[in-house]
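The structure appears below as structure tokens.
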Ligand code: KIV
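In the UniProt record's numbering, the protein residues as written are 1 to 271.
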């Protein structure tokens, strides 16, 4: 059982900031459906992210760009029905907040109202500050996301490590401080050098959740990756806790053989 499961009956944005203050690491995983969310929440996770990585993992798109607000709401409401304890963060999908702050607020309100989620996540810093401010002023908690921001993949052209150059690192540090000043409750840092992430985490009072960003205040992984269900994706930061691709492959093959041979169902497996 995680320390947080013992300490917090329900995880809130406030408990996450407190966890950082008390040097307790924060564990976050993605989920997009009821069954997976139920298992993860029961295991004692602090945060479930209904990530727009659903676009890749659930729908098979190459990028996160195609997923729609309606689809995110569908995934988020499935997750919300499953959880009892963790905080649920939902990605605002590409195109649902970049237009203007009114459009951003409308999207955030739809997520909160139609899915029952607890908070939203947005990619970017200074360029989306107006929208973050407006969403926060409506009482909706916001998690930031800096470094590798997959919704801007066509601007950057690759999924390589970000902020290795001084100018990009300086902008990232400024953006992280801005997100804290605006009132975000946490920031995800994706694929940036560990030293830079550590410096950012030290400069903030809100938690920094890393993915490929060293050992900061917390970690997030895509659940399907850490379970080894996806096996074509092997970045250095990914620790695989199971080899489910091969386990499932073996189970499916055995089932097919059993059905074809007439072994399944046996006498005990019928009425
Ligand atoms: O969509 C997602 O899964 C994410 C994580 C990789 C942080 O944004």
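Just so you know, even glycine gets a beta-carbon here, dropped at the ideal spot from N, CA and C.
This structure is a prediction, so every number in the text was calculated from the model and none was measured.
query                                                                                                                 : result
Spatial neighbours of residue 12 in its chain, beta-carbon cut-off 7 Å, leaving aside the 5 residues before and after : 87
Through-space distance from residue 117 to residue 98, alpha-carbon basis                                             : 21 Å
Per-residue DSSP class, three states only, for residue 83                                                             : coil
Where residue 223 sits in the DSSP three-state scheme                                                                 : helix
Closest residue to residue 171 among 127, 266, 62 (Cα-Cα distance)                                                    : 127
Cβ-Cβ distance between residue 76 and residue 34 below 8 Å                                                            : no
Proximity below 8 Å, CB of residue 237 to CB of residue 212                                                           : yes
Residue 161 in three-state terms, based on DSSP                                                                       : coil
Cβ pair residue 198, residue 216 closer than 8 Å                                                                      : yes
Bridge partners - residue 171, DSSP secondary structure assignment                                                    : DSSP output for residue 171 lists no bridge partner at all.
DSSP-derived helix/strand/coil call for residue 35                                                                    : helix
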